[in-house]
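Numbered per my numbering, the sequence shown spans residues 117 to 309.
No residue lacks a Cβ here, since even glycine has one placed at the ideal position from N, Cα and C.
Each remark here refers to the structure printed beneath this line.
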Amino acid sequence: MAADPIDAYLAAQPLPQRATLLAVRSTLRRVLPAATECMTYAMPTFQVDGTSVVSYAGFVRHCSLFPHSGIALDGIASHLDGYDIDKGTLRFPIDRPLPIGVVRLVVAAKLQAITDSDAAKGFAREFYDNGALKLKGMLRNGAMHGAWSFYRKDGSLMRSGSFRTGEQTGSWRTFDRSGALVKETQFVASKQP
């Protein structure tokens with residue numbers, strides 16, 4: 117059986133980088149329990165709903181956290197005194213893991229950047245602070261349109277249905293935490309001009 121690529125990456129890091137990155141991974145698991153771990157750009161990465169939130173890596177003179185967005189760090193730079201940051205990288209010492217407060221700040225900024233980027237493309241997607249998907253759907257001229265889904269913080273689907281230019285239409289279903297259908301409601305949208 118092949119070794120897990122993330123474990124292999126971390127095992128290949130020299131000390132003290134390995135210990136620091138293992139601590140960062142543990143912190144990210146606490147902050148983003150709903151995320152999946154994978155390798156992207158040859159770095160361990162945490163993703164939510166198929167989108168990369170942060171990657172981390174070790175280098176000779178520093179370790180880095182990459183929020184895959186320069187915008188995410190721009191908005192919180194004033195809260196990152198003492199760290200070397202640039203457009204898309206937060207560098208920290210090889211022997212000092214990032215505090216959980218810094219990790220939470222970077223993750224929250226990146227999740228908001230994802231939401232903002234999606235909205236600019238006519239798509240809505242929001243996340244809970246734990247990385248679990250809160251809602252997703254399409255937008256037309258800023259209004260909810262097409263299929264939408266709403267989720268609980270534990271990741272379970274709570275409700276799904278469709279909108280026509282901001283109005284609920286068709287069959288809407290509500291589910292319990294186990295996924296069993298609890299209620300189904302029919303909506304008829306008004307005629308649009």
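Query	Result
Less than 8 Å between the C-beta atoms of residue 235 and residue 253, yes or no?	no
Label residue 201 either buried or exposed according to how many other C-beta atoms from any shown protein chain fall within 10 Å of its C-beta, with 16 as the threshold for buried.	buried
With a Cβ-Cβ cutoff of 8 Å, do residue 199 and residue 207 count as a contact?	yes
At 3 residues or longer, and completely inside the segment 208-244: list those beta strand (DSSP E) runs for me, N to C.	239-243
Within 10 angstroms of its Cβ, does residue 293 collect 16 or more other Cβ (buried), or is it exposed?	exposed
Should residue 256 be labelled buried (16 or more other beta-carbon atoms within 10 Å of its own) or exposed?	exposed
One question on the structure: do residue 151 and residue 192 come within less than 8 Å of each other, judged by their Cβ atoms?	no
So, for residue 166: in the same chain, excluding its five sequence neighbours on each side, which residues have a beta-carbon less than 6 Å away from its beta-carbon?	none
Run the CB neighbour count on residue 157, radius 10 Å, all protein chains shown included, and call it buried at 16 or more, exposed below.	exposed
Would you please state the rounded distance, in angstroms, between the beta carbons of residue 222 and residue 273? I believe it to be under 8 Å.	About 28 Å separates the two Cβ atoms, so there is no contact after all.
Would you list the residues sitting across from residue 302 in a DSSP beta bridge?	287
How close, in whole Å, do the beta carbons of residue 262 and residue 276 come, if the pair is a contact with beta carbons under 8 Å?	Their Cβ separation, rounded to whole angstroms, is 12 Å, which puts residue 262 and residue 276 out of contact at 8 Å.
Less than 6 Å between C-beta atoms, sequence neighbours within five positions excluded: which residues of the same chain meet that for residue 259?	281 and 282
My parser needs the alpha helix (DSSP H) runs of 4 or more residues fully inside the segment 139-208; what are they?	186-190
Roughly how many whole angstroms lie between the Cα atoms of residue 135 and residue 295?	40 Å
So, with DSSP's three-state summary, where would you put residue 297?	strand
Among residues of its own chain, excluding the 5 on either side of residue 149, which ones have a beta-carbon nearer than 6 Å to its beta-carbon?	246
Check residue 255 in the structure and name its three-state DSSP category.	strand
Identify the continuous beta strand (DSSP E) that holds residue 131 and give its terminal residues.	Unbroken run through residue 131: none, as it is neither H nor E.
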